[in-house]
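Enquirer:
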Amino acid sequence: MISNKVVINCPSGLDSKAAALLVQKVSRYSSSIWLEKGERRANAKSLLGLLSLGVERQATITVITDGEDEEIALKEISEYFSTGF
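Using full-length UniProt numbering, read the sequence shown as starting at 1 and increasing by one per residue.
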């Protein structure tokens, strides 16, 4: 299990469109992937879970991956957030 803190650079934060795109992106990985904001954790493969976090622009979240492709998944997801989607 590995993790990385990232800042959300998308102008609208993690809204429904951005969350749907993220779910599509992370669904191709076999690893388990979670996002944490404060004390709340959501499965990154769940649209409703992501929306329940209420992630705004410039929020800092933690991306956690666990599985056989965890390193590449963490790298690509972190880059996705830092580029503003």
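Note that beta-carbon positions come from the ideal geometry of N, C-alpha and C, so glycine has one too.
Please classify residue 48 as buried or exposed, where buried requires at least 16 other C-beta atoms within 10 Å of its C-beta.
Expert: Against the sequence shown, residue 48 aligns to sequence position 48. It is exposed - the Cβ of residue 48 has fewer than 16 other Cβ atoms within 10 Å.
Enquirer: Are three or more beta carbon pairs between the region 66-82 and the region 20-35 nearer than 8 angstroms?
Expert: Verdict: yes, contact present.
Enquirer: Residue 31: buried (16+ other C-beta within 10 angstroms of its C-beta) or exposed?
Expert: Here residue 31 refers to the residue found at position 31 of the sequence shown. Classification for residue 31: buried.
Enquirer: On the DSSP bridge list, what partners appear for residue 36?
Expert: Here residue 36 is taken as the residue at index 36 of the sequence shown, counted from 1. The partner list for residue 36 (beta bridge, DSSP) reads 41, 62.
Enquirer: If you count every other CB in all the chains shown that lies within 10 Å of the CB of residue 20, and 16 or more means buried, which is it?
Expert: Position 20 of the sequence shown, counting from 1, holds the residue named residue 20. So residue 20 ends up on the exposed side.
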